[in-house]
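K.L.:
In this text, residue positions in the sequence shown follow the numbering used here: the first is 78, and each later residue adds one.
Here you go, one structure.
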Amino acid sequence: MDEKKLFLERLYIKPSSKMAKILLILGFILSIAIIPVMQYFTQLSGFPANFIISQLSFNGEIMKSYYSITNIELYRISPSLDYIFMLGYGLVLFSSSLLIARTYEKSSLASRIVRIIAIFGIIAAIFDGIENIFILAMLMDPLAFPNALAVLHSVFALIKWIIIFISVPGLIITGGISLYNKRKK
Numbered sequence: 078m079d080e081k082k083l084f085l086e087r088l089y090i091k092p093s094s095k096m097a098k099i100l101l102i103l104g105f106i107l108s109i110a111i112i113p114v115m116q117y118f119t120q121l122s123g124f125p126a127n128f129i130i131s132q133l134s135f136n137g138e139i140m141k142s143y144y145s146i147t148n149i150e151l152y153r154i155s156p157s158l159d160y161i162f163m164l165g166y167g168l169v170l171f172s173s174s175l176l177i178a179r180t181y182e183k184s185s186l187a188s189r190i191v192r193i194i195a196i197f198g199i200i201a202a203i204f205d206g207i208e209n210i211f212i213l214a215m216l217m218d219p220l221a222f223p224n225a226l227a228v229l230h231s232v233f234a235l236i237k238w239i240i241i242f243i244s245v246p247g248l249i250i251t252g253g254i255s256l257y258n259k260r261k262k
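See the structure below:
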């Protein structure tokens, strides 16, 4: 058995369900607590675009126009705090996926899919972190950064969003099926 399969097999039992529940609660607390703080600093800075439009702009000139009317020192706080949010939602996706996977038979396709979604939760957070590295790099010279930074920023954001848009519905569907099966018994 190759290492990837062994890793997926181990996720059926480790971390323990108790630890997964603790991680889930911690992830929710981190996510919910940091969002209003990030929004506060983004609004206070005067940053004019919503996060999806800016993340998926693929255009350095557009980002420079946003930064030209933004208080950069205040705005820089938000992507820095975003690392806490990444940890939070990564933990939520990872731990909730494991808990749902364990409601299915270990060898079932549903259990394997949801364990893969658990890994996707971590991968999405990593891509989000890389995306923020590009944001922070652009903020070092907000009106004259190389346009390639904005393109790379958007590439990592797009991959993150694709992973999230696949993972969350997959989690909802498998969780719903699990609840349905449990009620049927």
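By construction, the Cβ of each residue, glycine as well, lies at the ideal position given by its N, Cα and C atoms.
Rounded C-beta distance between Leu-220 and Tyr-144? I'm assuming under 8 Å.
P.N.:
With 8 Å as the limit, Leu-220 and Tyr-144 qualify as a contact, their Cβ atoms being about 6 Å apart.
K.L.:
Would you mind reading off the limits of the alpha helix (DSSP H) that contains Ala-97?
P.N.:
Run containing Ala-97: 94 to 122, per the alpha helix (DSSP H) assignment.
K.L.:
Take every Cβ of the stretch 169 to 179, pair it with every Cβ of the stretch 109 to 123, and state whether three or more of those distances are shorter than 8 Å.
P.N.:
Counting Cβ pairs under 8 Å, fewer than three are found: no touch.
K.L.:
Leu-85 and Arg-189 look like a contact to me (Cβ under 8 Å); what is the Cβ gap, rounded to whole Å?
P.N.:
About 6 Å separates the two Cβ atoms, so the contact holds.
K.L.:
In angstroms with no decimal places, state the Cα-to-Cα distance between Leu-186 and Ser-108.
P.N.:
Going by the C-alpha atoms only, they are around 30 Å apart.
K.L.:
For Pro-156, which of helix, strand or coil comes out of DSSP?
P.N.:
Pro-156: helix per DSSP, three-state reduction.
K.L.:
Would you identify the three-state DSSP class for Arg-179, choosing helix, strand or coil?
P.N.:
The answer is coil: DSSP assigns Arg-179 none of H, G, I, E or B.
K.L.:
Would you mind stating whether Ser-174 and Arg-153 have Cβ atoms separated by less than 8 Å?
P.N.:
The answer is no: Cβ separation not under 8 Å.
K.L.:
Using a Cβ-Cβ cutoff of less than 6 Å, which residues in the same chain neighbour Lys-183 once the five nearest sequence positions on both sides are dropped?
P.N.:
Tyr-89, listed in sequence order.
K.L.:
In the structure shown, what three-state DSSP assignment does Pro-125 receive?
P.N.:
Three-state result, Pro-125: coil.
K.L.:
Secondary structure at Lys-91, three-state DSSP: helix, strand or coil?
P.N.:
Correct three-state label for Lys-91: coil.
K.L.:
At which residue ranges does the stretch 171 to 236 contain complete beta strand (DSSP E) runs of 3 or more residues, listed in the order of the chain?
P.N.:
Counting whole runs of 3 or more residues, the stretch 171 to 236 contains no beta strand (DSSP E) stretch at all.
K.L.:
Alpha carbon to alpha carbon, what distance is there between Asn-148 and Asp-205?
P.N.:
Whole-angstrom Cα-Cα distance: 23 Å.
K.L.:
Considering only the alpha carbon of each residue, which of Gly-247, Pro-156, Thr-251 lies closest to Met-217?
P.N.:
Of the listed residues, the one whose Cα sits closest to Met-217 is Pro-156.
K.L.:
With a threshold of 8 Å on Cβ separation, who are the neighbours of Val-114 within its own chain once the five nearest residues in sequence on each side are excluded?
P.N.:
Closer than 8 Å at the Cβ level, and outside the excluded window around Val-114, lie Leu-158.
K.L.:
Excluding the 5 residues flanking Lys-269 on each side, which residues of the same chain have their C-beta closer than 6 Å to its C-beta?
P.N.:
Residue numbering for the chain in the displayed model covers 78 to 262; residue 269 lies beyond these limits and cannot be assessed.
K.L.:
Would you decide whether Met-96 is buried or exposed? Buried here means 16 or more other CB atoms lie within 10 Å of its CB.
P.N.:
The residue in question, Met-96, is exposed, as its Cβ has fewer than 16 Cβ neighbours within 10 Å.
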